[in-house]
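Chemist:
Protein chains in written order, with my numbering: chain A, 780 to 1085; chain B, 780 to 1085.
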């Protein structure tokens, strides 16, 4: 079976990133950008997002060169969504310097006619009512995945719970899982989230890896051993991109396929964090992905021969 | 090959433990106690430690009933080592209420003649110069393992570095690994510790599992998915006991044997945290250990069939 297209909605942004290893400004970013560049390794990506007139032509060309379908990328009068963040010495703490919604403030996703039959849908981390608007515009997708964040869990819980009823796969980080479930034990939290609608919960734990809770079983995967981490921005979005990309490419949703998908998500995220912004992710080659997947298998297998 | 004996030095204590789920006083504890009860599932244990005249006869009998060799357990005038700790709501934070060294203050380990040919040695978490005193009293052991803590890393670094030169396997937690290596990236820290002497470094990460750094390769293992955790006290010591116990029972030190040993350590720790003090650990049956090992394999395998 050939790779099926993924309809993606999320943010495309210009970022300012400060880490102990350097800083960048006006860097191509946003959750949808990282997701698209990761998922594109496996399956076609159809982007729905908005940018301002200040969005660099080079960045638009980059998306096209990567084969991302940008017919759903609106360009409207105004400035792009801009985000600035500063990381602490060990890269585990992050301070948000600013979040300027700009053109994103009045965004309502419009799904082009040509996208409406997309069998895979990824509702990136935007307001749950916008995520719901996307679902209203598509025809019975095979798999709907959703990412969210603490802001929406706190301020739009009702809308989030409503859209989750139509979601198959929920991707979120450990803090968000605890917060959404109202449960400090992560295992209990993961299991409890299955009551909200999704039949699969994937919890991202950063340097501690990822965990799967599903009606079919559970899985725990450590992160690759990375000695050189320069910028964690976009790691979670790259993870989700690798995960959903692999599922769309394989056409499977079995337990073993989900395990491999989580491993590919982890592999894509591992490239992203090794350089600033999308610098490493955009240049990753298929043979590098395959090699790192094998490295992850060897690192984690209890029955490994070495 | 039959299981080889392990010479164990460490603390035997009476603990006060307060968690959101209850509290106990004068509970049989100490790092050597947890280690012994875990390791005993796999191999004979020869204990070197000290207690006061207030040490309950029942606790001594418990050790003997478990088959622990107590000829090296000194009883001296005075009170036992006593420790009190209180855990926060999510069990991830711990406050030490008090540490009364009592008879431990003037302790110098005396290794009985009958113990001196022990092929496996575990130097539990005590002052590094006492750990060195034990090594001076044994004859060319096959494998020496050592545990330590932030207190000794800060106050007895020179002595610790000296004894580490004669150690094959270093077990410590993630914070201690970072502190001892002077490196915030845990992967770099683990690799750097190999320069200190040990050919194998095992890093305990609590609910995030464990990691192996060795001259022969690396391994990462997540923790079992536990929905019911009541008291984390002794988890790290039970982990070390399961780890070294398995190595002493198998007689192997290959990469695959180290991976299995770490998994057995994780399994033993998982029982310990499910009840207060040693309550669950002392009652664990061989078939329960085997079942949980299999559960861990299924939870972590990328190629699992379900």
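Every residue, glycine too, gets a C-beta built ideally from N, C-alpha and C.
Indicate the three-state DSSP secondary structure (helix, strand or coil) for residue 957 of chain A in the structure shown.
Modeler: helix
Chemist: With a cut-off of 8 Å on the beta carbons, I'd call residue 854 of chain A and residue 832 of chain A a contact; round off their distance for me.
Modeler: 6 Å
Chemist: CA-CA distance, residue 1039 of chain A and residue 1082 of chain B?
Modeler: 8 Å
Chemist: So what does DSSP say about residue 962 of chain B, is it helix, strand or coil?
Modeler: coil
Chemist: Whose C-beta lies closer than 8 Å to the C-beta of residue 1085 of chain B among residues of the same chain, with five residues either side of it excluded?
Modeler: Here residue 1085 of chain B scores only 49 on pLDDT, less than 50, and its place in the model should not be relied on; the value that follows carries that caveat. Hits under 8 Å: 1077.
Chemist: Within a Cβ cutoff of 8 Å, which residues of the same chain sit near residue 1053 of chain A, ignoring the five residues on either side of it in sequence?
Modeler: 1005, 1007, 1008, 1009 and 1059
Chemist: Using a Cβ cut-off of 9 Å (strictly closer), state whether residue 996 of chain B contacts chain A.
Modeler: True, the Cβ-Cβ gap to chain A drops below 9 Å.
Chemist: Taking a contact to mean a Cβ-Cβ separation below 9 Å, would you say residue 943 of chain B touches residue 976 of chain B in this structure?
Modeler: Contact flag set, yes.
Chemist: Are the Cβ atoms of residue 925 of chain A and residue 901 of chain A separated by less than 9 Å?
Modeler: Yes, the pair counts as a contact, with Cβ atoms nearer than the cut-off.
Chemist: Just to confirm, are residue 1047 of chain B and residue 1021 of chain B a CB contact at a threshold of 9 Å?
Modeler: yes
Chemist: For residue 881 of chain B, I'd like the list of residues in its chain whose CB is within less than 8 Å of its CB, leaving aside the five on either flank, ordered along the chain.
Modeler: 831, 857, 858, 859, 860 and 861
Chemist: Could you give the first and the last residue of the continuous beta strand (DSSP E) run that contains residue 826 of chain A?
Modeler: 824-831
Chemist: May I ask you to list the residues that DSSP assigns as paired with residue 801 of chain A?
Modeler: A/798
Chemist: Could you list which residues in chain A have their beta carbon closer than 8 Å to that of residue 967 of chain B, in chain order?
Modeler: 1006
Chemist: Contact criterion: CB-CB distance below 9 Å. Does residue 1054 of chain B meet it with respect to chain A?
Modeler: Closer than 9 Å: no.
Chemist: If contact means a Cβ-Cβ distance below 7 Å, which residues of the stretch 822-853 of chain B contact chain A?
Modeler: none
Chemist: Put residue 879 of chain A into one of helix, strand or coil per three-state DSSP.
Modeler: Assigned with DSSP and collapsed to three states, residue 879 of chain A falls in strand.
Chemist: Among A/865, A/785, A/825 and A/844, which one has its Cα closest to the Cα of residue 801 of chain A?
Modeler: A/865
Chemist: Listing by chain order, which chain B residues have their CB less than 7 Å from the CB of residue 868 of chain A?
Modeler: 963
Chemist: Rounding to the nearest angstrom, what Cα-Cα distance links residue 843 of chain B and residue 1042 of chain B in this structure?
Modeler: 27 Å
Chemist: To the nearest angstrom, how far is it from the Cα of residue 872 of chain A to the Cα of residue 791 of chain A?
Modeler: 23 Å
Chemist: With 9 Å set as the bound, which would you pick, yes or no: does the beta-carbon of residue 1082 of chain B sit closer than that to a beta-carbon of chain A?
Modeler: yes
Chemist: Output the distance between the C-alpha atoms of residue 789 of chain A and residue 1071 of chain A, rounded to the nearest integer angstrom.
Modeler: Using only the alpha carbons, I get a separation of about 27 Å.
Chemist: For a contact defined as C-beta to C-beta under 8 Å, what are the partners of residue 1078 of chain A on chain C?
Modeler: The chain inventory of the structure shown lacks chain C, comprising the protein chains A and B.
Chemist: Are there three or more Cβ pairs, one per stretch, closer than 8 Å when the stretch 929-938 of chain A is compared with the stretch 905-918 of chain A?
Modeler: yes
Chemist: Where do the N-terminal and C-terminal ends of the alpha helix (DSSP H) with residue 1049 of chain A fall, by residue?
Modeler: 1034-1051
Chemist: Could you tell me if residue 1080 of chain A is buried or exposed, where buried requires 16 or more neighbouring beta carbons within 10 angstroms of its beta carbon?
Modeler: buried
Chemist: Could you check where the alpha helix (DSSP H) with residue 982 of chain A kicks off and where it finishes?
Modeler: Residue 982 of chain A -> not in any alpha helix (DSSP H); beta strand (DSSP E) instead, spanning 979-983.
Chemist: Within 10 Å of its beta-carbon, does residue 899 of chain A have 16 or more other beta-carbons around it, so buried, or fewer, so exposed?
Modeler: buried
Chemist: Between residue 1034 of chain A and the rest of its own chain, which residues show a CB-CB distance below 7 Å, the 5 nearest in sequence each way excluded?
Modeler: 995 and 996
Chemist: At a Cβ threshold of 9 Å, is residue 1070 of chain B touching chain A?
Modeler: no
Chemist: Looking at the secondary structure, which residues open and close the alpha helix (DSSP H) in which residue 1071 of chain A lies?
Modeler: 1065-1079
Chemist: Please identify the residue among A/787, A/786, A/784 and A/809 whose C-alpha is closest to the C-alpha of residue 796 of chain A.
Modeler: A/809
Chemist: Going by DSSP, which residues form a beta bridge with residue 952 of chain B?
Modeler: B/983
Chemist: Strictly by DSSP, which residues pair up with residue 860 of chain A?
Modeler: A/792
Chemist: What do you get for residue 948 of chain B, buried or exposed, if any count of 16 or more other CB atoms within 10 angstroms of its CB means buried?
Modeler: So residue 948 of chain B counts as buried.
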